[in-house]
Amino acid sequence: MPKRRLSLIQWSKSAHAYELSGSESSALGEIISERSAWFAWLQDISSFAFQSQSGVHYTVRKEHVQRNGPYWYGYRSFHGRTVKRYVGRTADLSLARLEEVAERFTDTTPSHIDPSTLPSSPLPSAPLLVSRFRPPRLPPVLVERKCLFAQLDAWRSRKLTLLWAPAGFGKTTLVNSWQSKQKDRRNGSHIAWVSLEAKDNDPTHFWRSLISTCQTWQPGIGETALVHLQRVSVLEPPLASVPLELPLTLFLNDLAHQVSEGILILDDYHSIVEPRVHETLVFFIEHLPVHIHVMILTRDEPALPLVHWRAHGDIQELSSTDLRFSQEETTHFLQETTASAFSEQTITQLDTLLEGWAAGLRLLVLAGQLTREGVERHLSTLNEGQPSGTFRGQLLDYFVSEVLVSQPEALQLFLLQTSGLPRLTGPLCDVVTDRHNSAALLETLERAGLFLEALDEAELCYRYHSLWASALRIEASQRLGEEALHAISRHASRWYEQHELAREAIETALYVHDVERAGVLIESFGASGQRYELQTLRGWLEQIPDMVVHAHPALCLYAALTFQFQEAGPTPPGAVKGRIEELLQRAEEGWQSLGKLTWVGLSFAFRALIASLQRSYSQEAVEHATNALRLLEARSSDDVDDLRATILEWRIICLGIIESAALHQGRFEEAKQLLQEALTCSQESSNRQFLGEINVRLGEVSMALGKLLQASEYYRQALSLGQSQENNEECVRALLGLAQLSFEWNDLKTSEQQASEVLELTQKVEKAGSEQAAYLLALLCSAREQNAAALLQLAALLARLQATPTQDTRELFSEALALQARLHLATGDYLAAQRSFTLLEDSAEERSFAQQMMVNILQARLQMAQGKVNEAVFLLEQLYQVAQEKQHLRSQLEIQMLLALAQASRKQKNEARKWLQQALSQAHNEGFLRIFLTEGEPLAHLLRSLLPGIREKALRSYGQTILRALTRRPEEALFLSPSSVFGRPPLERLSPQEKRVLRLLVAGWSNPEIARELVISVNTVKDHVKHLYGKLGVSNRLEAYEAARRLDLF
């Protein structure tokens, strides 16, 4: 059966009208002209195509969200990726709305995508209103307050300036006019401004706002901090709370490098009631660079350590006493606004009545219609008697009533209808007031001085003065009624929804208790890729009844997320765990009934994360992660293009969970493949937060597999990423890996330098790293035959590790005990070695494969030391089979050497040569040295006797290098370098193609892989390799790598 052609609405330039094609009915004019016919047509179809006047073509589809009726979404493909845009409910659909959506698609069309330009940070949780980062437009009449300006000018001697006074005392106008003067000065400081709101009680949102406004000082400042802040967005793993002190430290470090002076102004700080925001702001102010200053404007005394700052001289304060108008300032204001002179008696009466309250004076002038006579008339009325209640409140009620009554009725209605909007724009006001001239009306109101502040000249965005708005809302409630105000809010919420302002749409719906609509909005915006900040989402869901939450699978998942991560630790209390399980079951059943299997996969991924947080390497976590990967990979019937980045990130988490279990169980090759897939996902998602961690873990797995060159490349990439992102934790782990490699290659000096860098960096991060560095320094002491010093260091390290038992410290504790036992064996203290081994056996209930192999090999060493050579050989041969199956090369090499030494002690020369030659053959290409040198003189004796019998020249040469290193004094340690091992330095320059081949060669690529990458033949690759070896004077990949590294060819 042929596929039915999709109906197309398109603009015809010749007819200068829209036309309909592909449908049984082509009378679009009749359909559109009759509203009922248009909606009937939409009711009968599930999708249609639309082509705008500008030529943008997209598909419009009807989608059902549970029981809430249909919603329409637009879809358009760009370079293989589908972009989704919300259109609206059926009642919202019009040709004008379809044209508006088409314009939104043009904003996202990429001309060319360059991977290097992809963002390094996750998608933002929600867009920030840039108008909040600019001070309001100054009023036309300003009273210059030189005395207060002089006090503000003294900011350099303090960390903080605090202006706190009730509403209407001119805090914002004072600082705004002062900062405007600052900009006019040649040596003026940079100003960053943010007007705070209730939404900033979410700590993540608060600091996103502050960092974003500071980027006006210098583009890119705080970018790394923003990446860390965005890691707490819902559905963006990892979800566990990121300590805010980490991104704040990164932000402060950026500010410390800021050349110019900067002043950060926080207006309306009284909006902040969240203790965590206060705490983090205290941390920020306490650690401010000397050239950065903070100004806080608030109505109330903030919950900050003001007494402490006063005692240390860190704060300058201006209160209502400082801010109130003097009689001279009152006189100046009246003269400017009324163009009249007032008597001293009138000025004195005003001063007594208003006590310098600037807003009251302005209201009085407006009530008097900007005339001296009007002002004096109202002043006389007020002096005759005042109703009960607070004085300023009474004045406000009186003034607002008088000012409103003096306006035309149409304007009064406009003021009352828009009084509940936090921000006013022409299009929004048109919707809620059912007019078409709101933009012009707003400009008129601002010019008339009716307490309307312009927030953004370019976008014509305004807000009412808070005092004025509060009084207007009370008046609106009395004159219009609550139901009318709720209807206005519902109109506003729909407008916000259509303009993809998720937070405003949701919070306006919640404001009028339309919880069903709020739930639908949270779900639909989430399905479109919107990311919510965790605390904000928790606040929303707390206002929505369980019955509504249970009806929406996405809300069930979001609620489970908020329950899981509202606790301090990874394991919530039992009752909360039961609630989380119930919510996840409801979510999965709901999505399965709708056929939305991708969302079921996200729920499974979240289950996997919970299980892994509660118990490392658990089979439950692996099973959930495996199921999640299966569903997140499948292309189900539900559209998931907008969730592509989220899906990729959750795939990375699931791959990491399975990889951790595989590594723990010794499935190293499988672990490497999983990590390489995770690396691909991370690169595809344009989210760089995972790249460093993945490269570190690839380095660790590569070392276990004996691929030292690959490990070095992964660690260097991780270090570079960590440095570029100022992620000290990743730098620590990468440097530790590189230090271990340097140690294995017997480059003890470099290894020590890298360990010292780790110790320096660990002072800046909370996580462990210093203990691993201390262990490495003990290893270095043992390599230099300073066994007594090494044992002392190990004793101190073991004491520290025992006092702070964690998963990481338990593993290091075992390694330190094993090293302690080996050092005791080296010094002939067999009893002490046995004690260390006994402690090691009892130190862990569950060990990883590598840890258990280490314990078993140490047991064989003890048996050999006790003369139980046959028992040791039996054990070692069994261990070798296991290590070979698991491809754990490091264990294989150690076992082969021990077997060679054991067989030599049994006079089995051929067997000893076989094991030794096998070890040399496997270790040769990667340049292992220290693993041999640790065996000391017994291995040197064996090499002297067996090397002449090894026929392969490369292996014999490698063995002689090891023997020379064994016979040198510690201070003359031999390490792999072009001059000491691999011959002469290069005499000829490398061609660009040879450099490309060399890069791939030392990274572990095979000749066929290099050929495919460079689009050349395998024989050409072989020729390049031959010429490279000749120029570098080397004979294998390891020597080529070391030569290139030492000679800085890259």
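Counting from 1, one number per residue, gives the positions in the sequence shown under UniProt numbering.
From the three backbone atoms N, C-alpha and C, an ideal C-beta is built for every residue, glycine too.
Note that this is a predicted model, so its numbers are computed, not measured.
Nearest Cα to Ala-150 within the set Lys-181, Ala-502 and Glu-700: Lys-181.
The residue among Thr-508, Ser-616 and Thr-626 with its C-alpha nearest the C-alpha of Ala-487 is Thr-508. Excluding the 5 residues flanking it on each side, Leu-825 has same chain C-beta neighbours closer than 7 Å at Ala-833, Arg-861 and Ala-865, in chain order. In the displayed model, Ser-380 falls within a helix according to three-state DSSP. With a 10 Å radius around the Cβ and a threshold of 16 neighbouring Cβ atoms, Val-307 comes out exposed. About 6 Å separates the beta carbon of Val-1002 from that of Arg-1037, a gap short enough to meet the 8 Å contact definition. Gly-262 is bridged by DSSP to His-190 and Ile-292. Rounded to whole angstroms, the separation of the alpha carbons of Ser-756 and Gln-717 is 20 Å. Counting only residues of its own chain and dropping the five nearest sequence neighbours on each side, Ala-739 has a CB closer than 6 Å to the CB of Ser-751, Gln-754, Ala-755 and Leu-776. Around the C-beta of Val-273, fewer than 16 other C-beta atoms lie within 10 Å, and the residue is accordingly described as exposed. Taking all protein chains in view, the Cβ of Arg-76 is crowded by 16 or more other Cβ atoms within 10 Å, so the residue is classified as buried.
Taking a C-beta distance under 9 Å as the contact criterion, Ser-195 and Leu-534 do not qualify as a contact pair. Beta-bridge partners assigned by DSSP to Phe-50: Ile-9 and Tyr-58. Approximately 6 Å separates the beta-carbon atoms of His-550 and Arg-586; this is inside 8 Å, confirming the contact. Under the DSSP assignment, Ser-21 falls outside any alpha helix (DSSP H), being part of the beta strand (DSSP E) whose first and last residues are 17-21.
The DSSP-derived three-state label of Ile-315 is strand. The three-state secondary structure of Arg-85, taken from DSSP, is strand. If you draw a straight line from the Cα of Val-227 to the Cα of Ala-502, it is about 21 Å long.
Between the segment 658-671 and the segment 682-702 there are three or more C-beta pairs closer than 8 Å, enough to call the two in contact.
In the DSSP assignment, Arg-733 falls within the alpha helix (DSSP H) that extends over 728-744. Under the three-state reduction of DSSP output, Thr-827 falls in the coil class, being neither helix nor strand.
Per DSSP, Leu-160 lies in no alpha helix (DSSP H) segment; the continuous beta strand (DSSP E) that holds it begins and ends at 160-164.
The residues Gly-692, in chain order, have a CB closer than 7 Å to that of Asn-727 in the same chain once the five nearest residues on each side in sequence are set aside. Sorting Gln-960, Arg-667, Ala-611 and Thr-213 by C-alpha distance to the C-alpha of Ile-653 places Ala-611 at the top. DSSP places Arg-630 in the uninterrupted alpha helix (DSSP H) bounded by 619-633.
Annotation for Trp-309: Ile-315 place their beta carbon closer than 6 Å to its own, counting only its chain and skipping 5 residues before and after. Distance from the CA of Ser-905 to the CA of Gln-918, rounded to the nearest whole angstrom, comes to 18 Å. Annotation: the continuous beta strand (DSSP E) that includes Tyr-462 extends over 461-464. Sequence-distant Cβ neighbours of Thr-433 in its own chain, meaning closer than 7 Å and more than five residues away, are Phe-414, Gln-417 and Thr-418.
Here Cys-461 is buried, its C-beta having at least 16 other C-beta atoms within 10 Å.
A residue is called buried once 16 or more other Cβ atoms fall within 10 Å of its Cβ, and Thr-804, having fewer, is exposed. Within the segment 875-961, the complete alpha helix (DSSP H) segments of 4 residues or longer fall at 889-905, 909-924, 930-933 and 937-946, listed in chain order. Secondary structure in the segment 753-811: the alpha helix (DSSP H) runs of 4 residues or longer, each lying completely within the stretch, are 770-783 and 787-803 in chain order.
Within its own chain, the residues whose Cβ lies closer than 6 Å to the Cβ of Asp-268, once the five positions on either side in sequence are excluded, are Ser-195 and Leu-196, listed in chain order.
Contact annotation: the segment 327-337 does not touch the segment 196-205, with fewer than three C-beta pairs closer than 8 Å. Between Leu-817 and the set Thr-806, Tyr-830 and Leu-794, the nearest pair of CA atoms involves Leu-794.
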